[in-house]
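**Q**
Residue numbers (the working numbering), protein chains in the order written: chain C, 4 to 379; chain Z, 4 to 379.
1. To the nearest angstrom, how far is it from the Cα of residue 56 (chain Z) to the Cα of residue 284 (chain C)?
2. Report all residues from its chain with a CB closer than 7 Å to the CB of residue 6 (chain Z); omit the five preceding and five following residues, and keep chain order.
3. Are the beta-carbon atoms belonging to residue 147 (chain Z) and residue 207 (chain Z) less than 8 Å from one another?
4. Examine chain D for any beta-carbon lying closer than 8 Å to the beta-carbon of residue 320 (chain C), and answer yes or no.
5. Going by beta carbon distance, what residues of the same chain come within less than 6 Å of residue 376 (chain C), once the five residues before and after it are set aside?
6. If you run the structure through DSSP and keep just helix, strand and coil, what is residue 353 (chain Z)?
7. Between the Cα of residue 235 (chain Z) and the Cα atoms of Z:94, Z:265, Z:59, Z:68, which residue gives the shortest distance?
8. What residue does the alpha helix (DSSP H) around residue 86 (chain C) start on, and which one ends it?
9. Report buried or exposed for residue 379 (chain C), applying the criterion of at least 16 other Cβ atoms within 10 angstroms of its Cβ.
10. Quick one: which chain C residues come within Cβ less than 7 Å of residue 239 (chain Z)?
11. Look up residue 380 (chain C) in the DSSP assignment and say whether it is helix, strand or coil.
12. Can you grab the Cα-Cα spacing for the pair residue 100 (chain Z) / residue 344 (chain Z), in whole Å?
13. Going by DSSP, what residue range makes up the beta strand (DSSP E) through residue 268 (chain Z)?
14. Measure from the alpha carbon of residue 112 (chain Z) to the alpha carbon of each residue in Z:92, Z:83, Z:128, then state which is nearest.
15. On the DSSP bridge assignment, give the partners of residue 12 (chain C) in chain order.
16. Tell me, please, whether the CB atom of residue 44 (chain C) is closer than 8 Å to any CB atom in chain Z?
17. Determine whether the Cβ of residue 363 (chain Z) lies closer than 8 Å to any Cβ atom of chain C.
18. With respect to the alpha helix (DSSP H) encompassing residue 325 (chain Z), which residues constitute its N-terminal and C-terminal limits?
19. Rounded to whole angstroms, what is the Cα-Cα separation between residue 4 (chain Z) and residue 213 (chain Z)?
20. Would you check if the segment 338-352 of chain C and the segment 294-309 of chain C touch, i.e. whether three or more CB-CB distances between them fall below 8 Å?
21. Hey, which unbroken runs of the beta strand (DSSP E) at 3 residues or more fall wholly within the segment 202-234 of chain C?
22. How long is the line joining the alpha carbons of residue 454 (chain C) and residue 262 (chain C), rounded to whole angstroms?
23. Using the DSSP secondary-structure output, state which residues sit across from residue 61 (chain C) in a beta bridge.
24. Taking residue 339 (chain C) as the query, report the chain Z residues whose CB atoms sit under 7 Å from its CB, ordered along the chain.
25. Tell me, which residues are paired with residue 102 (chain C) by DSSP?
26. Closer than 9 Å by beta-carbon distance: list the chain C residues that pair up with residue 330 (chain Z), in chain order.
27. For residue 317 (chain Z) and residue 136 (chain Z), I'd like the C-alpha separation in whole angstroms.
28. Just to confirm before moving on: does the CB-CB distance between residue 93 (chain Z) and residue 144 (chain Z) stay below 8 Å?
29. If we ignore side chains and look at the alpha-carbon of each, how far apart do residue 252 (chain C) and residue 223 (chain C) end up?
30. Tell me whether residue 360 (chain C) is buried or exposed, calling it buried when 16 or more other Cβ atoms sit within 10 Å of its Cβ.
31. Going by the DSSP bridge assignment, what does residue 236 (chain C) pair with across the sheet?
32. Taking 7 Å as the limit between beta carbons, can you name the residues of its chain near residue 86 (chain Z), skipping five residues before and five after?
33. What residue range is occupied by the uninterrupted beta strand (DSSP E) comprising residue 363 (chain Z)?
34. Use the C-beta contact count for residue 41 (chain C): other C-beta atoms within 10 angstroms, 16 or more gives buried, fewer gives exposed.
35. Start and end of the beta strand (DSSP E) containing residue 138 (chain Z)?
36. On the criterion of 16 or more Cβ atoms from any shown chain inside 10 Å, does residue 337 (chain Z) qualify as buried, or is it exposed?
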C-alpha cells in the first residue's frame, strides 16, 4: 500500500516547526538536512553510512545524472534508489542551478535552456517538461520545479524578469508532473532580495499549488544577514501546512537561524565538500584539520561528538590522512561532518518539541563563538 | 599475559601447509594475505572493513611512515596499531625496497643507504639499525630485516654482491632487534634467479636464526614461470617450522601456485591499487569495470561472491562510479577485491585441511581460463 505524500506538523516553537513528511519511500523528520549525492553517490560515503549518520533523505543532481550515466539508463536500471542502493526518499533538483553554474555556452529562451556539457562539450537542452521527465526517470521522491536561479547581484528589473520566467516554467512543471502516489512536486520562490518580487513569486506558486515550497536564489553570496532578511519577509507568506525548503544552505548556524524563521528542509555541499578538503564542523565551529596544531593531538575532532570517527580516530591521524591525500581522510572527515549536521538537526527537532529552541540556538551560537578547544 | 611468537602447522597437503602464527597482537591464519596499508591506511578502507574482509594482518611501509608522519611521532601517539586503529598484527617492511623504487639520489654503502625523500627532497639515511629502530617505534608485530632488493635483471655477480651485503645487514638487524615477547623478526632470502645464491642466502639466514623467512627480489618482472622456478629450488631449503613469506606477490593464481610450493604469507598492492583504477578480481579472472560492456549490467562483479559489494551493487553502478572518478568507486572496488583475495586464502586453507589442494588449484586455474561471464 503506497503512502500519500503528506506533511504533519508535530510541534511548534515560535516560527519554527518540527514534523514529518510521509512519502512513497519513507518518512522524513523535519527540520531535515539532505546530504548532497550529486552523481548518484554522497561522495566518499556508502549509503549505509549516510543512513547511519541520521539522514532520512538525500539530494541528487539532475544536471549531473542526465549527463552521466543518463536518466534513461538510470530508469532502465530500476531508478536512482535501486541504482545507488538508497531505498529512502530522494529529492532531485531541477538542473537549472547547475546549468547556470557548471555548463558552458548556455542560452536561455522562453521555452528552456540550451547548454554544453562540462564533461564532453555535447549540446543538451533542458525545458520544464524535460526536467520533470528526467526527475521522473530518476524516480525522484520529491521533484523540483525547473527554474532560473536569479544571479546575485541583480537589479530589481533583472530579478523580476527572471522570477516571472521561473513562474511561467513552474506552471508548465505542474502540468508535466505525473503525481504518482507518495511523490511530491515543490515550487521554488525567486525574486532576489526584493520583498515585492518574493511576495509576487509566492502568490504565483500558491495559485499553481505545490506539495512544498522552496526558497531559491539564496546562499549565492548575499551574506547571512541578507539571507535572514529575505526569509523574514518571505516565509510568513508561504502556506503553513506545506514543507518549506531553503535551497543550498548552509553552515550550521545558517540552518539554526533559518529554522527559527520557519524553514523545514535544507541541503548543502558544505559538510561533504569541506570534509574532502580537511574542514571539520564541531559545536565550537569549523576547524581545519590540516593545521599543524593538530599533528600530535590525540583527541578526536570533537570530544562531545558520539560519531564513529570521533569514537575511534584522533585529530593527529586525520591530520596525517588529509595531509597525505589519503582517501580514508576524505571518508572519515565527510562521515564526521554528516554526523555533526544530523546532530544539529536532531538537536533542533528536540528543542522545538520541548519549546527550547531559543535556548538551543543561543547556546549553539555561544559555543561556536568560543572557538576550538585549546591545543594539548 | 603476552603470547610467545609461534607458528603451528595444523595441516599439510603436498608441499603446502596451513597453520596459525600466534603474536602479541593476535593470531594469523596461514596461508595469509596481508593487505598493504602503506601510509597508515589500507587505501580507501576503514580498519573495520579490512577486518570484515577476513584479513588477520596488514602490512605497513617503513619508508612512507618514516617520512610522514615520522616514526617518532607515531611512537608518541602510541604506535601504529593505536594510530590507525588496527589492533591486530602488523608487519612492516624494512624500507629497503621503497628506497630503491621511490626515493631520489639514493647511494648505498656498506653501512646503509642515503636518499632523498620523494615528498620534499629532504635527505634521510637508513641503516639496518635505524630500520629496526623505526619498526620498533611503529610497534611492528613482525619486523623485516633491512635488505637491498636486488634489481632484475642482474648478473650472477651483481646478484651475489647484493645478496651478501643483505646477509651482512641481516646479521646487524638480528643484533639490533629487541625481541619483545610476541614480536617476530623475519630474514629475507635474496640471490636473484640463481639457485646457488639462493641456497647460500638461506644458509646465511638460518645460521643467524629468524622467526620467519621471506623470499625477496621476486615479482619484479621475472614472470610467473621464473618465480615458481625460484620457489621450487629455494623453499625446500627453508626451515620447516617457520613461516615463509613471499614478498610482493601477487595475482590470485600466483598465490595459489606459491602456496602449492610451500609459501605461508603474501602481500601485494594489486587488490587495492587495481581496485582504485577499476580492475576487479573474480574467480573467473580480472575484469575492467570501466569497459562499456558493464555500463548497463545489473549483475554484481561476481555473482558467486558473498561480499557486501556484490550483495548490494551492480556492475552498472560501479562502472558509473569509476568512470566518474567517484571516491565511492575506489572504496567499493577495493572492498570487493580484498574480500576476493581473502576468499582465495580461505579456500586455500580449507583445501589444505581437507587434502584437496590440487583439486582446488586446478579448479581455480580452470575457472580463470573460462573468462568473465557473458554480457547480459
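We treat Cβ as the ideally placed atom computed from N, Cα and C, and that holds for glycine.
**A** In short, the structure shows the following:
1. Those two C-alpha atoms are separated by around 31 Å.
2. Non-local beta-carbon contacts of residue 6 (chain Z) in its own chain, meaning distances under 7 Å to residues more than five positions away in sequence, involve 25, 26, 27, 185 in chain order.
3. No. Outside cutoff.
4. No chain D is present in this structure, whose protein chains are C and Z.
5. Once the five neighbours on either side are set aside, residue 376 (chain C) has no close Cβ partner at all.
6. Residue 353 (chain Z) falls in the helix class under three-state DSSP.
7. Ranking Z:94, Z:265, Z:59, Z:68 by Cα distance to residue 235 (chain Z) puts Z:265 first.
8. Its alpha helix (DSSP H) spans residues 83-87.
9. Taking all protein chains shown into account, residue 379 (chain C) has fewer than 16 neighbouring C-beta atoms within 10 Å of its C-beta and is therefore exposed.
10. Here the premise fails: no neighbours, minimum Cβ distance about 41 Å.
11. Past the boundaries of the shown model lies residue 380 (chain C); chain C is included only from 4 to 379, so the question cannot be answered.
12. Residue 100 (chain Z) and residue 344 (chain Z): Cα-Cα distance of roughly 23 Å.
13. Counting along the chain, the unbroken beta strand (DSSP E) around residue 268 (chain Z) starts and ends at 268-271.
14. The option with the nearest alpha carbon to residue 112 (chain Z) is Z:128.
15. Residue pairing by DSSP places residue 12 (chain C) opposite C:22 in a beta bridge.
16. Output row for residue 44 (chain C): interface = yes.
17. So, not an interface residue.
18. First-last of the alpha helix (DSSP H) with residue 325 (chain Z): 318-326.
19. Confidence at residue 4 (chain Z) is low in this model, with a pLDDT of 45, below 50, so its placement is unreliable and the value that follows should be read with caution. Going by the C-alpha atoms only, they are around 23 Å apart.
20. When Cβ pairs closer than 8 Å are counted between the two stretches, the segment 294-309 of chain C is seen to touch the segment 338-352 of chain C, the count reaching three or more.
21. Listed in chain order, they are 215-218.
22. The first residue shown for chain C is 4 and the last is 379, placing residue 454 (chain C) beyond what the model contains.
23. The bridge partners DSSP lists for residue 61 (chain C) are C:93.
24. Those within 7 Å of residue 339 (chain C) in chain Z number zero; the least Cβ separation is about 13 Å.
25. Paired residue(s): none; residue 102 (chain C) is not in a bridge.
26. From the beta-carbon of residue 330 (chain Z), the residues of chain C found nearer than 9 Å are 44, 46, 47, 48, 279, 330, 333, 334, 337.
27. Residue 317 (chain Z) and residue 136 (chain Z) have their C-alpha atoms roughly 47 Å apart.
28. A contact, by the Cβ cut-off of 8 Å.
29. If you draw a straight line from the Cα of residue 252 (chain C) to the Cα of residue 223 (chain C), it is about 10 Å long.
30. Residue 360 (chain C) counts as buried, since no fewer than 16 other beta carbons sit within 10 angstroms of its beta carbon.
31. Bridge partners of residue 236 (chain C): none, in fact.
32. When the five nearest sequence neighbours on each side are left out, the beta carbons in the same chain lying within less than 7 Å of the beta carbon of residue 86 (chain Z) are those of 43, 77, 80, in order along the chain.
33. Residue 363 (chain Z) -> not in any beta strand (DSSP E); alpha helix (DSSP H) instead, spanning 360-373.
34. The residue is buried, with at least 16 neighbouring Cβ atoms inside 10 Å.
35. From DSSP, residue 138 (chain Z) is part of no beta strand (DSSP E) but of the alpha helix (DSSP H) over 131-141.
36. Looking at its Cβ environment, which holds 16 or more other Cβ atoms inside 10 Å, residue 337 (chain Z) is buried.
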